[in-house]
Amino acid sequence: NTVDAKRREQQNMLDNVLTEKNTAEQAYAELEETSRNIERMIQQMQNPAANRAQARASGVLIWPAAGQITSPFGWRMHPVFGTQKFHTGIDIGADYGDAVAAADSGVVIHADWLGGYGKAVIIDHGNGLQTLYAHNSELLVYEGQAVRKGQTISRVGSTGYSTGPHLHFEVRQNGTPTNPMAYLP
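Okay, so the sequence shown: first residue is 6 according to the working numbering, each after it adds one.
Quick look at the structure:
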């Protein structure tokens, strides 16, 4: 009968929504775990090579990509998961393939896939300061490489948990995310 058919249809819709919600929650939990792993990795990888970087680092960051901020640091409605989540960096809207520059001189401590961050680069600038560049389409540097401020290190993409091409940029102090706007001109 029509009433039973409507109930089944509503139940199917509810089941689908719950499945999607669970999948999104699992994906976000993975992203949060990746962020915690980045913090631990940075703390473990601070080494003499990174300490040498502080002699070259200016301590004054430049914008890593041309574009407008499409999502600021702090609490927001997550565009993929649809729930309130803390955003650990800023998103800079840019075109696919645009250059991403090192915000300051330093040593690359990660240049590879990084879970929900997609293809990512992490640079240690010495004095406990690191920058992270995520969702890249192409990585142009390697782990252990010394880079200079303004050097192209990657290309904008949409890898990992991303809704379109942009640069997700983080500044971390001893591995802990801090507001990048406090470091940018």
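We treat Cβ as the ideally placed atom computed from N, Cα and C, and that holds for glycine.
Predicted, not measured: the structure shown is a model, and the values here were computed from it.
Assigned secondary structure, residue i (DSSP; H/G/I helix, E/B strand, else coil)
{"i": "Glu-143", "result": "strand"}
{"i": "Gly-79", "result": "strand"}
{"i": "Val-152", "result": "strand"}
{"i": "Ala-116", "result": "strand"}
{"i": "Gln-73", "result": "coil"}
{"i": "Ala-60", "result": "Any reading at Ala-60 is ruled out, since the residue's pLDDT is 48, under 50, leaving its predicted position unreliable."}
{"i": "Gly-133", "result": "coil"}
{"i": "Val-176", "result": "strand"}
{"i": "Gly-165", "result": "coil"}
{"i": "Glu-14", "result": "helix"}
N- and C-terminal bounds of the beta strand (DSSP E) containing residue i
{"i": "Ala-106", "result": "104–106"}
{"i": "Gly-98", "result": "95–98"}
{"i": "Ser-5", "result": "The chain is shown only over 6 to 190; residue 5 falls outside these bounds and no answer can be derived."}
{"i": "Thr-183", "result": "181–183"}
{"i": "Val-126", "result": "124–129"}
CB of residue i within 7 Å of CB of residue j, strictly
{"i": "Gly-180", "j": "Glu-44", "result": "yes"}
{"i": "Ile-158", "j": "Ala-107", "result": "yes"}
{"i": "Glu-175", "j": "Gly-87", "result": "no"}
{"i": "Ala-116", "j": "Val-126", "result": "yes"}
Nearest residue (CA-CA) to residue i, options the options
{"i": "Thr-183", "options": "Gly-98, Leu-144 and Ser-40", "result": "Ser-40"}
{"i": "Asp-109", "options": "Asp-129, Trp-118, Ala-116 and Asp-103", "result": "Asp-129"}
{"i": "Leu-145", "options": "Leu-134, Gln-135, Ser-163 and Lys-124", "result": "Lys-124"}
{"i": "Met-186", "options": "Gln-89, Ala-62, Ala-34 and Pro-69", "result": "Pro-69"}
{"i": "Gly-169", "options": "Val-65, Tyr-122, Asp-117 and Gln-15", "result": "Tyr-122"}
{"i": "Gly-64", "options": "Ile-47, Ile-97 and Leu-134", "result": "Leu-134"}
{"i": "Glu-143", "options": "Pro-77, Glu-30 and Asp-103", "result": "Asp-103"}
{"i": "Ala-139", "options": "Tyr-147, Gln-73, Ile-74 and Gly-162", "result": "Gly-162"}
{"i": "Asp-206", "options": "Leu-172, Ile-114 and Glu-30", "result": "Given a span of 6 to 190 for the chain in the structure shown, any question on residue 206 remains unanswerable."}
Identity of the residues DSSP links to residue i by a beta bridge
{"i": "Gln-89", "result": "Met-82"}
{"i": "Gly-121", "result": "DSSP, once it has assigned bridges, lists no residue as partnering Gly-121."}
{"i": "Tyr-138", "result": "Val-126 and Phe-174"}
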